[in-house]
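There are 2 protein chains.
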Amino acid sequence: MKRVLLTGAGGYVGRALAGMLLARLRAGEIDALTLLDLSLPPLPTLRGLRCLEGDLGDASLLDAALTPQPDTVFHLAGITSRLAEEDFATGLRVNVGHSVALFEALRTRGCHPVLVFASSIGVFGTPLPQSIDDDTPPAPTLSYGAQKRAVEILLADYSRRGWIDGRSPRLSGVVARPSQAQGALSSFASELIRAPAEGRAMTCPIGPDGTMWLLSLSACVGHLLRAAEVDAALLPGQRAFNLPALRASAGEVVAALARRFGGGVERLVRFDPQPALQAQFAAWPPLTSTVAERLGMRHDGTLDTLIERALQPCPLSSPIFQP
Amino acid sequence: MKRVLLTGAGGYVGRALAGMLLARLRAGEIDALTLLDLSLPPLPTLRGLRCLEGDLGDASLLDAALTPQPDTVFHLAGITSRLAEEDFATGLRVNVGHSVALFEALRTRGCHPVLVFASSIGVFGTPLPQSIDDDTPPAPTLSYGAQKRAVEILLADYSRRGWIDGRSPRLSGVVARPSQAQGALSSFASELIRAPAEGRAMTCPIGPDGTMWLLSLSACVGHLLRAAEVDAALLPGQRAFNLPALRASAGEVVAALARRFGGGVERLVRFDPQPALQAQFAAWPPLTSTVAERLGMRHDGTLDTLIERALQPCPLSSPIFQP
Numbered sequence: 115m116k117r118v119l120l121t122g123a124g125g126y127v128g129r130a131l132a133g134m135l136l137a138r139l140r141a142g143e144i145d146a147l148t149l150l151d152l153s154l155p156p157l158p159t160l161r162g163l164r165c166l167e168g169d170l171g172d173a174s175l176l177d178a179a180l181t182p183q184p185d186t187v188f189h190l191a192g193i194t195s196r197l198a199e200e201d202f203a204t205g206l207r208v209n210v211g212h213s214v215a216l217f218e219a220l221r222t223r224g225c226h227p228v229l230v231f232a233s234s235i236g237v238f239g240t241p242l243p244q245s246i247d248d249d250t251p252p253a254p255t256l257s258y259g260a261q262k263r264a265v266e267i268l269l270a271d272y273s274r275r276g277w278i279d280g281r282s283p284r285l286s287g288v289v290a291r292p293s294q295a296q297g298a299l300s301s302f303a304s305e306l307i308r309a310p311a312e313g314r315a316m317t318c319p320i321g322p323d324g325t326m327w328l329l330s331l332s333a334c335v336g337h338l339l340r341a342a343e344v345d346a347a348l349l350p351g352q353r354a355f356n357l358p359a360l361r362a363s364a365g366e367v368v369a370a371l372a373r374r375f376g377g378g379v380e381r382l383v384r385f386d387p388q389p390a391l392q393a394q395f396a397a398w399p400p401l402t403s404t405v406a407e408r409l410g411m412r413h414d415g416t417l418d419t420l421i422e423r424a425l426q427p428c429p430l431s432s433p434i435f436q437p
Numbered sequence: 115m116k117r118v119l120l121t122g123a124g125g126y127v128g129r130a131l132a133g134m135l136l137a138r139l140r141a142g143e144i145d146a147l148t149l150l151d152l153s154l155p156p157l158p159t160l161r162g163l164r165c166l167e168g169d170l171g172d173a174s175l176l177d178a179a180l181t182p183q184p185d186t187v188f189h190l191a192g193i194t195s196r197l198a199e200e201d202f203a204t205g206l207r208v209n210v211g212h213s214v215a216l217f218e219a220l221r222t223r224g225c226h227p228v229l230v231f232a233s234s235i236g237v238f239g240t241p242l243p244q245s246i247d248d249d250t251p252p253a254p255t256l257s258y259g260a261q262k263r264a265v266e267i268l269l270a271d272y273s274r275r276g277w278i279d280g281r282s283p284r285l286s287g288v289v290a291r292p293s294q295a296q297g298a299l300s301s302f303a304s305e306l307i308r309a310p311a312e313g314r315a316m317t318c319p320i321g322p323d324g325t326m327w328l329l330s331l332s333a334c335v336g337h338l339l340r341a342a343e344v345d346a347a348l349l350p351g352q353r354a355f356n357l358p359a360l361r362a363s364a365g366e367v368v369a370a371l372a373r374r375f376g377g378g379v380e381r382l383v384r385f386d387p388q389p390a391l392q393a394q395f396a397a398w399p400p401l402t403s404t405v406a407e408r409l410g411m412r413h414d415g416t417l418d419t420l421i422e423r424a425l426q427p428c429p430l431s432s433p434i435f436q437p
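Order-wise, the sequence lines are chains Y and D. With positions in the first sequence counted from 1, the corresponding number in the numbering used here is that position plus 114. With positions in the second sequence counted from 1, the corresponding number in the numbering used here is that position plus 114.
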């Protein structure tokens with residue numbers, strides 16, 4: 115990993131990953147880092163760092179992003195699950211179209227990079243299976259999930275052909291997103307942690323028994339970096355696998371918050387289950403993440419650890435982003 | 115089925131389906147029929163019949179094809195498996211790009227048609243599973259299969275959203291293609307039937323024990339018509355299913371030809387198994403096509419019937435195509 119391109123660098127996960135990559139750039143472990151998104155936070159001036167603002171559908175931007183040729187690409191740019199339902203055309207154009215444009219640009223330039231594609235457990239649809247492992251056939255019932263799944267399949271083909279060394283880890287609910295980030299339909303999980311911790315009331319759109327798969331931002335970023343570094347021989351033929359996640363009910367999350375912040379927080383959460391959300395977002399079954407564990411990836415261990423990590427200062431305000 | 119659009123109408127399966135649809139147009143069962151392909155054979159002048167020559171990537175052609183709005187679309191246009199391996203960019207552009215362009219045009223116009231997408235058993239990759247049914251997870255190892263699978267997934271999403279009533283029957287080796295049609299990597303199966311029947315020698319690129327899934331052209335066309343007419347409630351959630359096929363080894367096909375044309379034909383076939391083809395094209399396991407059977411679809415029954423049907427005059431030269 116010497117010349118790295120990160121798309122979606124301005125997003126919630128993207129900023130945190132950018133922070134880790136910037137640290138490697140400063141340490142001389144990376145020679146060149148290109149951060150790309152529609153807009154980016156203020157960034158330091160650093161030798162080897164380039165910031166590109168624009169749309170991956172812009173061929174000249176894409177050309178700039180691939181000059182010099184990256185050996186490692188983290189492709190996180192995408193439209194969220196909520197927007198992909200609300201604005202289908204944009205979801206299709208960005209989630210599928212821009213991904214394919216990126217893959218084609220890499221193929222035709224002969225870059226042969228490792229490419230980590232941030233896929234999603236949204237590839238699994240309702241009714242969710244009784245259990246899920248790496249062999250569970252995805253059957254998406256969200257446009258977001260269908261678009262992610264289509265890209266997984268195409269990326270596996272680019273990998274088979276030898277043009278890209280693709281890896282498609284599927285992210286679950288990454289916590290805790292900032293309160294204003296409501297783009298993901300699953301973002302209530304973040305607010306369920308953040309609001310009580312900050313003494314704010316919140317209405318939880320799933321019931322207390324509703325089960326989620328949760329992963330802290332720091333664990334997620336660690337897994338994405340690891341996904342770029344593992345030997346391709348350890349990956350399944352189709353290159354897609356589920357990241358480990360802690361399975362917990364909304365009620366268990368509130369109980370853990372009460373352990374951390376005192377019993378008063380329980381009164382801040384009102385449960386108002388929305389049938390439209392329950393089936394997709396509150397029925398996650400037991401998960402066996404065999405491939406990820408073989409790659410050395412673990413979930414956060416306990417809810418207490420998860421909450422501690424989830425509430426660490428958001429990289430949005432990290433000094434690493436100060437110019 | 116009153117206003118019908120058929121893409122890929124100039125292809126092997128497309129011409130035969132066009133012939134059946136033309137008969138329905140003559141009989142007054144269909145009001146309007148639009149045949150579309152890069153090039154079309156000579157066609158009769160008939161009230162309600164339109165022939166459009168061009169590329170589905172041409173927005174004005176697509177607009178013409180959808181005026182008036184079809185209530186039924188047969189989407190057969192595509193690049194063959196051989197070409198999709200040899201010319202990846204064209205396969206991606208046509209098999210994925212044009213399909214999505216068609217779906218988007220139907221969505222934005224509010225057509226809400228039934229759409230039968232000619233998918234393929236190429237969605238299953240090597241090593242092929244020990245048995246295959248409608249729940250077997252596809253894991254393509256051909257670009258053609260990856261592209262078909264990606265479109266299946268997107269079409270299922272258009273169906274879930276209520277914009278298109280999609281059906282994705284997966285075609286197996288449809289026989290017997292004309293000898294000059296070598297676009298499909300599986301087309302040796304056609305030549306294995308056609309050459310000995312015509313007294314020509316042929317080299318079979320799979321061994322005598324290599325097992326194929328075969329379907330006669332007439333059965334295939336019947337299934338495509340049926341797929342457009344069945345109640346959507348009978349379809350699986352993801353809208354994709356395997357068409358029934360007769361499983362037979364190359365040796366069994368030769369033996370059946372010998373029964374029909376005399377023992378001399380056995381000397382016309384030389385087996386020269388190609389390792390690159392064996393795993394994908396000569397290892398088809400037992401098939402259970404539950405969904406298709408529920409829809410009333412059957413395979414050809416016996417190899418003798420299959421061969422009889424496969425050698426019926428090609429619709430290329432059918433009087434129905436004479437102007």
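Where a beta carbon is used, it is the ideal one built from N, C-alpha and C, also for glycine.
Of the listed residues the options, nearest to residue i (C-alpha basis)
i: Y:Gly171; options: Y:Val210, Y:Ser282, Y:Gly321 and Y:Leu139; result: Y:Val210
i: Y:Arg221; options: Y:Ala130, Y:Leu197 and Y:Asp177; result: Y:Asp177
i: Y:Glu422; options: Y:Ser332, Y:Met411 and Y:Phe395; result: Y:Ser332
i: Y:Ile278; options: Y:Val127, Y:Met411 and Y:Asp185; result: Y:Asp185
i: D:Val335; options: D:Thr181, D:Phe188 and D:Gly162; result: D:Phe188
i: Y:Gly324; options: Y:Leu299, Y:Phe355, Y:Ser363 and Y:Asp345; result: Y:Ser363
i: D:Ala173; options: D:Gly365, D:Ala219, D:Pro292 and D:Thr194; result: D:Ala219
i: D:Gly398; options: D:Glu343, D:Gln244 and D:Leu175; result: For the record, residue 398 of chain D in the displayed sequence is Trp; it is not Gly. When only C-alpha atoms are compared, the closest one is D:Gln244.
i: Y:Ser293; options: Y:Leu166, Y:Leu420, Y:Pro310 and Y:Gly376; result: Y:Pro310
i: Y:Gly125; options: Y:Thr194, Y:Arg161 and Y:Leu147; result: Y:Thr194
i: D:Leu256; options: D:Pro400, D:Ala393 and D:Glu167; result: D:Ala393
i: Y:Arg308; options: Y:Arg340, Y:Ala137, Y:Leu420 and Y:Ala232; result: Y:Leu420
i: Y:Phe231; options: Y:Ala347, Y:Thr416, Y:Pro254 and Y:Ala342; result: Y:Ala342
CB contact flag (residue i, residue j, <8 Å)
i: D:Leu306; j: D:Val367; result: yes
i: Y:Leu328; j: Y:Leu360; result: yes
i: D:Met316; j: D:Leu391; result: no
i: Y:Val237; j: Y:Arg263; result: yes
i: Y:Ala270; j: Y:Leu425; result: no
i: Y:Leu190; j: Y:Leu135; result: no
i: D:Gly259; j: D:Ser234; result: yes
i: Y:Ile267; j: Y:Asn356; result: no
i: D:Leu150; j: D:Leu166; result: yes
i: D:His337; j: D:Pro400; result: no
i: D:Glu407; j: D:Pro350; result: no
i: Y:Gly192; j: Y:Gly122; result: yes
Rounded distance between the beta-carbons of residue j and residue i, thought under 8 Å
i: D:Pro387; j: D:Gly321; result: 4 Å
i: D:Arg223; j: D:Arg281; result: Not really, about 20 Å apart at Cβ, beyond 8 Å.
i: Y:Asp145; j: Y:Arg164; result: Contact doesn't hold; Cβ gap of about 12 Å is too wide.
i: Y:Ser213; j: Y:Val265; result: 5 Å
i: Y:Gly239; j: Y:Pro251; result: Not quite, the Cβ-Cβ distance comes to about 10 Å (not below 8 Å), so this is no contact.
Three-state secondary structure assigned by DSSP to residue i
i: Y:Ile434; result: Only weak support exists for where Y:Ile434 lies, its pLDDT of 48 falling under 50; the value from the coordinates is given anyway. Three-state DSSP puts Y:Ile434 in a helix.
i: D:Glu167; result: strand
i: Y:Ile320; result: coil
i: Y:Val127; result: helix
i: D:Ile421; result: helix
i: D:His413; result: coil
i: Y:Ala191; result: coil
i: Y:Val383; result: strand
i: D:Met115; result: coil
i: D:Phe395; result: helix
i: Y:Val335; result: helix
i: Y:Arg373; result: helix
i: Y:Ala141; result: coil
i: Y:Ser286; result: coil
i: Y:Gly133; result: helix
i: Y:Leu147; result: strand
Per-residue contacts from residue i into chain Y (C-beta, under 7 Å)
i: D:Thr255; result: Arg274
i: D:Gln352; result: Ala253
Cross-chain neighbours of residue i in chain Y, by beta carbon under 8 Å
i: D:Ile267; result: Pro254, Ala260, Arg263, Ala264 and Ile267
Beta-carbon neighbours of residue i, restricted to chain D and to distances below 8 Å
i: Y:Phe202; result: Arg221 and Arg275
Listed by chain order, chain D residues near residue i by CB distance under 7 Å
i: Y:Ala215; result: Chain D residues near Y:Ala215: none, gap ~11 Å exceeds 7 Å.
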